[in-house]
Each structure stands twice: as C-alpha cells, then as structure tokens.
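See below for the structure under consideration.
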Amino acid sequence: MTSYNYTNGYSLLSYLEYPIILVQEYILIFFVLKYLSRINMWSFLYAMIYFALSSCLLLGIVPKVILTLLAVGSAEYCKFFHCFETFFM
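Here it is in structure tokens:
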C-alpha cells in the first residue's frame, strides 16, 4: 500500500504509518531469522528479489495499473476473508 500511496501522490502524513510498521517488521524478521540461524544465501536472495520488485513498483518501472490492481485485489481479499470468518465463526 505504501507504493500505491506514493505513486498516486498522496500526502505523506496520510500513510506514514505503513512504512514505519514495515521497517519494524523487517527488523523483527531479521532478528528472528538470526536467532534461529536461518540466515543463509537463500534468505538473502529472497530478500533481494523482494526489494527489487518493491523498488520497481515504487519507482514506476511497473505500470501504475498493475499496482492499482494489486491494491484493489488485496482489499477485496481481506473483505472476502473477513466475511468468511464472520460467517463461520
């Protein structure tokens, strides 16, 4: 969502919470992997692929319509599972 908000030119204060939480999660994931001795070449490779794809979305290399579809798709996905959870719980 951060990439979507940034590429659409929304005010930084309206979405600043997302990048801060993401940085906290990345640090937490790093410490967990380090504690479990799971940091190896594969985890480094996956992290590089993730950051490369994220950078492509953020810098506009990937068309904005794909980013919009991803944002709308994730919102619909959350709505679907919220209804599913409400119905069956």
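First residue of the sequence shown? That's 0 in numbering that gives the first Met the number 0, and the numbers climb one at a time after it.
For glycine and all other residues, C-beta sits at the position ideal for the given N, C-alpha and C.
Here the structure is a predicted model, which means the values were calculated and not measured.
C-beta contact flag for residue i and residue j at 8 Å
i	j	result
Tyr17	Leu66	no
Leu27	Ser42	no
Thr1	Tyr9	no
Residue i (DSSP reduced to helix, strand or coil)
i	result
Leu35	coil
Ser2	helix
Leu15	coil
Tyr49	helix
Ser10	coil
Val64	helix
Gly72	helix
Buried or exposed (CB count within 10 angstroms, at least 16 for buried), residue i
i	result
Leu58	exposed
Leu56	buried
Cutoff 7 Å; reference residue i; Cβ partners in own chain excluding five residues on either side
i	result
Phe83	Because the pLDDT of Phe83 is 49, which lies under 50, any placement of that residue in the model is unreliable, and the number read from its coordinates should be weighed accordingly. Hits under 7 Å: none found.
Short CB-CB distance (under 8 Å) between residue i and chain D
i	result
Val71	Given the protein chain composition of this structure (a single chain), no chain D is represented.
Cut-off 8 Å between Cβ atoms - residues of its own chain near residue i, not counting five sequence neighbours on either side
i	result
Ser53	Ser2
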